[in-house]
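Each remark here refers to the structure printed beneath this line.
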């Protein structure tokens with residue numbers, strides 16, 4: 054019970070802090086919009102190609118904005134030594150992990166919740182299908198589960214900001230591939246048989262990596 | 004500083020001999036492949052170095068787990084050595100794959116699952132080294148390295164499956180009979196011998212290199228300790 | 267209360283603590299003095315369960331570290347020179363958050379009580395970001411005593427504070443120590459420490475080289491005592507540990 058209470062306390066703390074300063078969310082959001090803008094000029098997002106390219110553009114955007122958020126979120130703990138404060142408390146270390154992970158997930162979902170309608174309007178595509186949104190959630194979860202663990206490490210290194218994408222992206226490739234293919238499947242209204250293997254892959258990835266992160270988090274925070 | 008152990012010298016010689024025999028087999032013993040010609044001989048090295056790359060990763064991941072359990076520095080050195088060797092051999096794997104691909108598929112690069120996964124594995128290796136570089140404290144460096152190499156190792160099969168679901172033109176070599184697919188070939192008994200011998204040789208190359216690298220690491224440690232003593 | 271036996275801490279090939287022996291009875295207020303780089307912060311972090319010993323035994327309130335660290339944490343309050351506070355939350359919210367992590371009952375009353383203790387009740391709804399360093403330090407002490415720990419550790423708490431802030435801090439320290447708690451404080455500031463502590467230990471070259479109680483030492487002798495201890499230890503070569511060449 055203490056575990057759950059601690060996890061919820063961490064999530065609540067992150068959310069209330071962010072509600073007040075909106076530093077993280079605004080940075081992530083502005084960055085995401087800029088990335089989409091760049092894509093607009095870099096790729097031909099005309100009506101024909103839009104169908105095939107939308108999923109990819111969106112996921113690249115989420116990946117970059119997401120890594121920004123992860124960095125900031127863990128840097129917040131490091132800066133005033135707050136991580137020590139969390140470690141001094143008589144709580145399971147994994148409660149800290151889950152708390153940060155879900156807070157990071159919520160932030161990422163919030164940014165996605167604004168970016169998706171924006172993209173829909175700009176490019177006249179309906180992104181509001183249950184399947185597609187489900188993929189967004191599953192993919193974000195996988196990304197954030199590994200990302201939180203890695204960000205906890207990189208924030209303790211010298212090369213902090215640069216290092217997180219370098220460590221994270223190779224590990225997150227299965228998430229990207231599966232999320233993009235599944236998203237595309239839903240957008241192009243393919244049959245479930247074509248989409249299901251990708252969904253399975255996402256679920257497997259999410260489960261495996263959350264489990265490993267949970268087991269390994271202690272080693273990343275204890276000295 | 005201990006002198007070089009006799010066993011290591013024997014291993015060096017043994018490995019060198021194996022390698023020479025292997026080269027001999029590849030160029031003289033194995034027959035020329037009907038469709039692809041001499042370029043097919045690259046295959047004997049391509050798979051062998053790829054095998055060493057994967058073996059290195061497995062060794063590093065196991066060393067990572069052992070380090071986290073025991074906090075013994077020797078496992079950290081082991082993981083680092085394995086990754087360094089893995090980087091070289093995976094790179095060779097990619098390059099030989101490319102050399103082979105060019106005449107067969109008329110392209111230097113294909114986004115096929117095995118090649119893609121090998122590239123990503125290479126990137127994970129590099130990321131591991133960059134992670135280590137950014138950390139001053141040796142204990143933390145070892146711990147984080149161990150965690151990352153374990154994560155990396157687990158991600159590789161998942162990456163492979165996703166890349167495979169995505170696309171396939173890599174020849175499936177052993178145990179299939181589909182003459183229709185491009186770039187494939189059935190292996191005659193001589194080819195099988197050469198292939199297996201090549202794998203055998205490179206396994207010894209791996210062990211030999213690891214041993215040398217571990218010795219080097221231990222000497223470096225001793226030098227560090229002596230330096231510290233002088234500065235006190 | 268605190269028992270440390272032959273504590274060794276190494277970072278890779280470098281050894282910072284070389285077999286520290288240290289004992290504190292319940293209710294004592296021990297000041298650990300020492301030159302920069304002597305290992306005071308490292309030592310305190312090990313006592314605080316934030317760092318693990320490489321060799322040796324440490325136990326607090328009968329629990330061995332690091333194996334029983336979880337049981338120790340509830341009884342421990344720690345103040346480092348970083349405030350360990352969230353800038354975007356108010357003073358009250360910060361304390362409430364930590365209170366939840368410690369599963370405290372009647373949280374609101376306790377938070378109010380502590381805020382009054384450290385003299386920050388009027389500023390309870392202000393963001394910690396707006397606090398001066400002195401105020402943050404006082405709030406940090408509040409955080410440390412929130413769960414009423416038996417043992418409190420301070421790592422150079424006066425760092426970066428002006429005279430007035432230091433005086434305020436000392437008042438809080440005295441109050442906190444008065445309630446029969448065990449206190450260990452590392453410090454550079456001999457004058458401040460001479461008024462607060464009941465015992466003075468000197469850590470130099472990775473070991474405790476000298477120890478004197480209040481009765482044995484007049485405040486004006488403290489500086490000489492400290493200087494002599496450090497000077498002596500820096501002359502001698504440290505004993506070699508088993509794993510060193």
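Protein chains in written order, with this note's numbering: chain A, 54 to 276; chain B, 4 to 235; chain C, 267 to 511.
Even glycine gets a Cβ: it sits at the ideal position worked out from N, Cα and C.
Everything numeric in this text was worked out from a predicted model, so none of it was measured.
Spatial neighbours of residue i within its chain, please: CB distance less than 8 Å, with the 5 preceding and 5 following residues excluded, ordered by chain position.
i, result
"residue 97 (chain B)", "118, 121, 122 and 125"
"residue 365 (chain C)", "373, 376, 377, 412 and 413"
"residue 355 (chain C)", "363, 393 and 394"
"residue 282 (chain C)", "275, 276, 305, 308 and 472"
"residue 149 (chain B)", "66, 67, 68, 70, 71, 78, 79 and 82"
"residue 193 (chain A)", "115, 119, 158, 161, 162 and 165"
So, for residue i: in the same chain, excluding its five sequence neighbours on each side, which residues have a beta-carbon less than 6 Å away from its beta-carbon?
i, result
"residue 62 (chain B)", "85"
"residue 144 (chain B)", "135 and 138"
"residue 48 (chain B)", "99"
"residue 109 (chain A)", "233"
"residue 251 (chain A)", "231, 234 and 235"
"residue 464 (chain C)", "294, 295 and 480"
"residue 53 (chain B)", "96"
"residue 176 (chain B)", "Residue confidence for residue 176 (chain B) is low, a pLDDT of 44 falling below 50, so the modelled location carries little weight; the figure read from the coordinates is stated next. Counting only Cβ-Cβ distances below 6 Å, and skipping sequence neighbours, we find nothing."
My understanding is that residue i touches residue j, with C-beta atoms under 8 Å, so please give their C-beta distance in whole angstroms.
i, j, result
"residue 237 (chain A)", "residue 105 (chain A)", "7 Å"
"residue 405 (chain C)", "residue 351 (chain C)", "6 Å"
"residue 209 (chain B)", "residue 88 (chain B)", "7 Å"
"residue 153 (chain A)", "residue 228 (chain A)", "About 19 Å separates the two Cβ atoms, so there is no contact after all."
"residue 547 (chain C)", "residue 345 (chain C)", "Because chain C spans 267 through 511 in this model, residue 547 (chain C) falls outside it and cannot be assessed."
"residue 16 (chain B)", "residue 207 (chain B)", "About 11 Å separates the two Cβ atoms, so there is no contact after all."
"residue 79 (chain A)", "residue 204 (chain A)", "With a Cβ gap of about 19 Å, residue 79 (chain A) and residue 204 (chain A) do not count as contacting."
"residue 163 (chain B)", "residue 254 (chain A)", "Incorrect: roughly 11 Å between the Cβ atoms, too far for contact."
"residue 418 (chain C)", "residue 442 (chain C)", "7 Å"
"residue 367 (chain C)", "residue 144 (chain A)", "6 Å"
Classify residue i: buried if its beta carbon has 16 or more other beta carbons within 10 angstroms, exposed otherwise.
i, result
"residue 225 (chain A)", "buried"
"residue 103 (chain B)", "buried"
"residue 409 (chain C)", "buried"
"residue 382 (chain C)", "exposed"
"residue 124 (chain A)", "buried"
"residue 102 (chain A)", "exposed"
"residue 258 (chain A)", "buried"
"residue 146 (chain B)", "buried"
"residue 453 (chain C)", "buried"
"residue 179 (chain A)", "exposed"
"residue 195 (chain B)", "exposed"
"residue 7 (chain B)", "exposed"
"residue 402 (chain C)", "buried"
"residue 66 (chain A)", "buried"
"residue 110 (chain B)", "exposed"
"residue 112 (chain A)", "buried"
Got a sec? Which residues, its chain only, sit under 7 Å from residue i by beta carbon, not counting five neighbours each side?
i, result
"residue 84 (chain A)", "117, 118 and 121"
"residue 25 (chain B)", "200, 201 and 204"
"residue 271 (chain A)", "146"
"residue 492 (chain C)", "299, 456 and 468"
"residue 169 (chain A)", "180"
"residue 182 (chain A)", "239"
What are the boundary residues of the alpha helix (DSSP H) that residue i is part of?
i, result
"residue 207 (chain A)", "183–207"
"residue 477 (chain C)", "No alpha helix (DSSP H) contains residue 477 (chain C), which is instead part of the beta strand (DSSP E) from 473–479."
"residue 224 (chain B)", "192–234"
"residue 307 (chain C)", "306–313"
"residue 173 (chain A)", "146–176"
"residue 22 (chain B)", "9–27"
"residue 114 (chain A)", "100–132"
"residue 259 (chain A)", "245–274"
"residue 229 (chain A)", "213–240"
"residue 33 (chain B)", "Per DSSP, residue 33 (chain B) belongs to no alpha helix (DSSP H) and is neither H nor E."
Can you tell me where the beta strand (DSSP E) with residue i in it begins and where it stops?
i, result
"residue 343 (chain C)", "342–345"
"residue 451 (chain C)", "448–453"
"residue 398 (chain C)", "Segment: none, residue 398 (chain C) is in no beta strand (DSSP E) and carries neither H nor E."
"residue 276 (chain C)", "268–277"
"residue 266 (chain C)", "For chain C, the structure presents residues 267 to 511; residue 266 (chain C) sits outside this window and is missing."
- When the Cβ atoms of the segment 158–172 of chain A are set against those of the segment 184–202 of chain A, are three or more pairs found closer than 8 Å? Three or more beta-carbon pairs drawn from the segment 158–172 of chain A and the segment 184–202 of chain A are found closer than 8 Å, and the two stretches are therefore classed as touching.
- Using 8 Å as the Cβ pair cut-off and three pairs as the minimum, do the segment 211–230 of chain A and the segment 129–137 of chain B touch? yes
- Message: Check whether the segment 451–470 of chain C and the segment 288–304 of chain C touch, using three or more Cβ-Cβ pairs below 8 Å as the test.
- Response: yes
- Does the pairing of the segment 389–396 of chain C with the segment 321–341 of chain C give three or more beta-carbon distances under 8 Å? No: the two stretches stay apart, fewer than three of their Cβ pairs being nearer than 8 Å.
- Query: Any chance the segment 257–271 of chain A sits against the segment 196–204 of chain A, with 3 or more Cβ pairs inside 8 Å?
  - Reply: yes
- Item | At least 3 beta-carbon pairs within less than 8 Å: the segment 267–282 of chain C vs the segment 306–317 of chain C | yes
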